[in-house]
Structure formats: C-alpha cells, structure tokens
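Here the protein sequences come in this chain order: A and B. Counting from 1, one number per residue, gives the positions in the first sequence under the working numbering. Counting from 1001, one number per residue, gives the positions in the second sequence under the working numbering. Note that the Cβ used here is the ideal one computed from N, Cα and C, for glycine as well. Have a look at the structure below before the remarks.
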Amino acid sequence: MDVHMKRKLKHNLGQIAFHVIVLFLAFIMLYPILWMISNSFKENSEIFNSSSLIPQTFNFSNYIRGWKFNNSVSFTTFFANSFYYTIISTIGAVLASSVVAYGFARIPFRGRAFWYACMFMTMMIPYQVVMVPQFIIFHKLGWINTFKPLILPQFAGVPFFIFLMVQFIRQIPYELDDSAKIDGCNRFSIFTRILFPLIKPAVITSTIFSFYWRWDDFLGPLLFLNKPRLFTVSLALRMFSDPQSSTDWSAIFAMGTLSLLPVLIIFLIFQKYIVQGLVTTGLKG
Amino acid sequence: MKQLTRKRRALMEDLSGYAFISPWLLGFIAFSIIPILFSLYYSFTDYDILGTPVFNGLENFRRMATDELFFQSLKVTFFYAFVSVPARLLFAFFVAMLFNRGTRAIRAYQAIYYVPSLVGGSIAVAVMWRRLFMSDGAINAVLGKLGIVSNISWIGRPSTAIWTLIILAIWQFGSSMLIFLAGLRQIPKVYYEAAEIDGANSFKRFLHITVPQITPVLFFNLVMQLINGFTVFTQAFVVSGGSGDPLNTTLVYALYLYQRAFKYYDMGYSSAMAWVLVLIIGVFTAIVFKTSNSWVFYEAKEGK
C-alpha cells in the first residue's frame, strides 16, 4: 500500500512538473504575439519600455487610425488586393495542380517519369535564379504594376501540391477508374466525377497552404507592385513601419493583428489538414 | 490490325497525358526553363536593364572574388543557417520527445506550440520582432524586471543583430516538432517492449531505438531547412529595414543579391550570384548525401 501510494505520488508530481514546464514554455512562445495584440490597444506612449500584456485603457482608435493609413489609400484597398491575389491564385493553383496530378498519377504516357523528375528539380532551384529574368520578361511585357506576374504562374500548378495529390491518387484503387470507363466515362469525366471528389483531403490541404503562402507572400509583391493603391497588406505593413518615417506603432500593431486574423481563423477550423500536409512533406524523404 | 489499335491506344494515352499535364508543362517552360536560360546568359554579361546585355565573359565572377560585401553576405548566411537550423531541429526534437505520450492536453499544447510557425512568415511578425528588440522594446523591459539593466538596441548592435533573426527562426520550431512527433509515433511499440524485457533502461532505449529510427526524418528535414536557410530574405529585409545593417551584419545572401539587382540594376552580377547560390546548394546537398550512409540509419531491406 505504502509503495503503491509513493509511486502514485511520484507519478502525479511528474505530471504536474510536466504541465508546469510545458505551460511556461507555451507562454514564452505566445508572448510576442500577445504583446503585439495588446500593443494594438495601447497608447503610443505606453508601448515604450513596456513588457506588459494588459493595456491601461482599450484604445480602438488605433484600428481606425491604422485603417485610414495615409488618407489617400486605406487598408480597405490593401485587404481587397490581398484577398484578390490570394483567392484567385489559390483557385488557379489548386485546380491546375489536381489536373496535372491526375495526369502524372494515372496516365501512362511516354516521358512521364522524365517530366515528373523535372518537376522535382524545380523544387530544388532557388527562386533567386529565375527572379531577375522573370522581372525583365514581365517588365518588357508591360506587366509590372499588374497582378499578372503574381497570379499567372500559379495557374501552372504548384509542384508541392502536385506531389501531394499524386501520392493521394496512387492510394485509390484502379477498379474505380475501370468501372467508370465501362460506364462510358472518358478521361476527363473520370477525373472530375470520380477522382476529384476522392482526393478532397489533399485538395483542402493544398488550398490552405496556398492561401497561407500567397497571403504572406512578400518578395513577389515587392518586385512587381510599386504603386500604393496596388499594395497587398504585407507591403503596406512594411511601408507603414519604414524606419525613415516617425512611426505610429500602435496603428501598425493594430493592422498587423488584423492581418493575422485570416491565418488564425483558418488554423482553428482546418487544423487537422495542416498537420497532415506538414507530415506528408516532412516524413517522405 | 490488333497492333494498329494498340499503337493507336498508346498515342491516345500520350495525347491525353500531355493534355492533363499541359498547365504545368507550359508554366515550366515559360516560368522556369526560359528564365533559367536567360539567367545563365545574363551571368556572363554586363546588363543594367535599360540597355542591352553586353557579353563580358567571366568578369562578373572575377568581380565577385574581390567583392567584400559578397563574402560578407556568404559569411552572414552560413552563420545564420548553420546556427538556426540545427538549433531549431534540436529544440523541435526535444519538445516532440516530451509530447510523445498519451496525455489528453497534448493536442492543445501542440496547437499552441505550432502558432509561431503559422504566423512566423508574416510581415506583421517581422515588424513586431523589430520593435521587440529595440532599445525601448519589450525584451529590455523584461530583462529590467528580472533585475538586469539593459538599454542596448539588439537590432542596432552589430554583435547581436543577426541573433534576433536566429531567435526568430528557432522560435518557429513548431512545424518541425509536429513532423518529429508523427515520426516518433510510427516507431513500432514492440521494439520498446522487447528492449524493456531485455532490461534496457530508458536512456538505452532512447539511444538504440528512438535515435536510429528518427535519423532519416531528421536528416531529410535538416537538408531541406538548410537549403531554405541559405535563401532567407523576407525576415532580414524587414528587420534590417532593407539595408542589411548594422554594418552589414544582417546582409544575407538573398538580400545582397536583391540589392544588386533592384537597387543598383546590376542584373548580370546578381544573375551570376544566383548561379553561385545554386552551386553552393548543389555541392552542399551532394556532400550531405554522400556522407549520409555513415550517420543515417536506414532499415535493412529483407533479403539483402
């Protein structure tokens, strides 16, 4: 009895120590984000030398001031631009990727292995190689200060999503394709009616990642958009915090907080798909 | 006759196959192959975007050999990648080990630990990071509460500036942690049970089961993240205000390349720099794969 009690006590103490350590670490991890959110409500003078997470008063005026930006353009424009770029790109990237993935996974055409290897090669080449020539080409086409250079490449599909979907399609038995073929479906309707609904998890994972990557994209808009009325939220935040001008930190933090909202909301709803996507990329070496 | 229909069917497969991959294939040609060829050509020219490219042989590479900023950016990038990536992976592995048990609260903890990875790539966080490490930022305020008086600007001092970027990278260990956790859960439980019966203590079980089983995952993530580390741009750009200051201590390779191209319109030189980057990544990847046999454990295939 005594030994049993001791063991139980030791186990409980271990559990408590575990939770204390993990919670403490979690607090440190979240601290910078919480600090940013709390600063979005503080007076500008209150931010200096302050580590506090609780504002003295809740100042929603920071949000209004931040949203107005410089009065000629506002965050209405920036959010509209960001959503436009993100949503159109994501639709293009996911649809194109699924069509291409079907071709690679199911149709035994000549040169398939070669092109699939080429696709993997492009994943290894740093963007810096194509950055300068792409800029020059788009410049000559007169596409600078349009969304075309940002959106169009997405409609070619994204190698990572294609890979993800190919992996998924390979797990689906061929019998389904065959029975559809007997029913008179051609390749395209097999894809749209049978396969596409079955790879839904991979489609959702790709959609989420595409949304995140486009929403956070900075280098692309920095290269191709230089008129404020075309700015995405990322570009606007960066201009807002420019070290050359005197900085309205409360307003920046307010807009920064808003810019994270779509990311966090999607995370709360689709958590399991995100984990799945991460694990697929991280484990399959 | 039969052969003809077979040939015809093969042709049909070819046609429909290429039809399905055509979006990617066209994009591959337009956005990868053509730019890559142009980049290769530009790297041997002097080109300021307004004029026409003038062939100058190996002049760009010769200039690189005497360019102090080029070497500075290499130094900064290597330091950044070789410190932040192993540290992040070790941290991720440690926390994954801690979480690899059946407590119900783990799922909530995982989600919390993942949040920095989720938002870490955003400009909002990069801007916040800069403010955090300023002389009147929260880091110094927290240190002050702990009794350590500090009024240095962490981002303004050459000796500490790069560390703010390294900490920003390590802070985002959550995604690696989730990958390791999935890897740990794939290790068959019977291995541990058998070892326990044989009298192996927990440290021995860790050393002889967990470590060898997890090294392939560790290895793969190390390579991929180091490659990403070599091309880091956005965080350095935002935290240093686009300059790579103080004293070029945050001038990472991709930032210097960007400056060469879009501040000085030195398109030939920056293209040459891009190819040096490809070379570095290629050589590095080759070395890692060549040596991987000696330190990565791959399960022996049956019948071999």
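Asked	Found
Chain A contact residues for B:Glu-1013, given Cβ-Cβ distances below 7 angstroms	Ile-107, Pro-108 and Phe-109
N- and C-terminal bounds of the alpha helix (DSSP H) containing A:Trp-143	Run containing A:Trp-143: none; DSSP gives neither H nor E here.
Same chain, Cβ closer than 7 angstroms to B:Thr-1005, five either side skipped, listed in chain order	none
Same chain, Cβ closer than 7 angstroms to A:Ile-266, five either side skipped, listed in chain order	Ile-208 and Phe-211
Reduced DSSP category for B:Asp-1067 - H, G, I as helix; E, B as strand; rest coil	coil
For B:Thr-986: DSSP bridge partner residues	Here chain B covers residues 1001 to 1304 and nothing more, so residue 986 of chain B does not appear.
Min CB distance B:Trp-1024 to chain A below 8 angstroms	yes
Beta-carbon separation (whole angstroms), A:Leu-223 vs A:Phe-147, contact threshold 8 angstroms	Contact doesn't hold; Cβ gap of about 12 angstroms is too wide.
Sufficient close CB pairs (3 or more, under 8 angstroms) joining the stretch 1072-1086 of chain B to the stretch 1245-1264 of chain B	yes
Chain A contact residues for B:Ser-1039, given Cβ-Cβ distances below 7 angstroms	Val-129, Val-130, Val-132 and Pro-133
Three CB pairs or more closer than 8 angstroms across the stretch 1159-1166 of chain B and the stretch 1234-1243 of chain B	yes
Selection of the stretch 8-19 of chain A by Cβ proximity to chain B, strictly under 9 angstroms	Gln-15, Phe-18 and His-19
Expected contact under 8 angstroms - CB spacing of A:Phe-75 and A:Ala-236 to nearest Å	7 angstroms
First through last residue of the alpha helix (DSSP H) which encompasses A:Asn-177	One point to set straight first is that residue 177 of chain A is Asp, not Asn, in the sequence displayed. That run of the alpha helix (DSSP H) goes 174-182.
C-alpha gap between A:Gln-276 and B:Tyr-1047, whole angstroms	46 angstroms
Every unbroken alpha helix (DSSP H) within the stretch 209-241 of chain A, with a cutoff of 4 residues, ordered by chain	219-224 and 233-240
Chain A contacts from the stretch 1220-1254 of chain B (Cβ-Cβ distance under 7 angstroms)	Phe-1220, Asn-1221, Thr-1231, Phe-1233, Thr-1234, Val-1238, Gly-1241 and Ala-1254
Short-range partners of chain B found in the stretch 240-262 of chain A, where Cβ spacing is below 9 angstroms	Phe-240, Ser-241, Asp-242, Pro-243, Gln-244, Thr-247, Trp-249, Ile-252, Phe-253, Met-255, Gly-256, Thr-257, Leu-258, Ser-259 and Leu-260
Nonlocal neighbours in the same chain, by C-beta distance under 8 angstroms from B:Ile-1170, ignoring five residues either side	Ser-1084, Ala-1087, Arg-1088 and Phe-1091
Environment of A:Asp-2 [buried if 16+ CB atoms lie within 10 Å]	exposed
Nearest-angstrom Cβ-Cβ length linking B:Val-1195 and B:Arg-1185, presumed shorter than 8 angstroms	The displayed chain sequence assigns Ala, not Val, to residue 1195 of chain B. That belief does not hold up - the Cβ atoms of B:Ala-1195 and B:Arg-1185 are roughly 17 angstroms apart, past 8 angstroms.
Under 7 angstroms by beta carbon: chain A residues contacting B:Arg-1131	Trp-249
Limits of the alpha helix (DSSP H) - the one that B:Thr-1234 falls within	1234-1239
C-alpha gap between A:Phe-114 and A:Leu-176, whole angstroms	27 angstroms
Whether A:Ser-241 touches A:Ile-47 by CB criterion (8 angstroms)	no
Straight-line gap, A:Pro-159 to A:Met-29 (C-alpha atoms, nearest Å)	32 angstroms
Any C-beta of chain B under 8 angstroms from that of A:Asn-49	yes
Minimum Cβ-Cβ distance from B:Ile-1036 to chain A less than 8 angstroms	yes
Option in B:Phe-1044, B:Tyr-1269 and B:Ser-1176 with minimal Cα separation from B:Val-1115	B:Ser-1176
CB-CB length for B:Tyr-1269 against B:Asn-1060, believed under 8 angstroms	5 angstroms
A:Asn-286 (DSSP reduced to helix, strand or coil)	Because chain A is modelled from 1 through 285, residue 286 of chain A falls outside the range shown and cannot be assessed.
Short Cβ contact (8 angstroms threshold) for B:Tyr-1113 with A:Ala-96	no
Any C-beta of chain B under 8 angstroms from that of A:Gln-271	yes
Interface flag, A:Trp-115 vs chain B, CB-CB below 8 angstroms	yes
Of the residues B:Trp-1275, B:Leu-1146, B:Ile-1167 and B:Ala-1111, the one placed nearest A:Phe-270, counting alpha carbons only	B:Ala-1111
Selection of the stretch 209-238 of chain A by Cβ proximity to chain C, strictly under 7 angstroms	Although the question refers to chain C, the structure presented lacks it and instead comprises the protein chains A and B.
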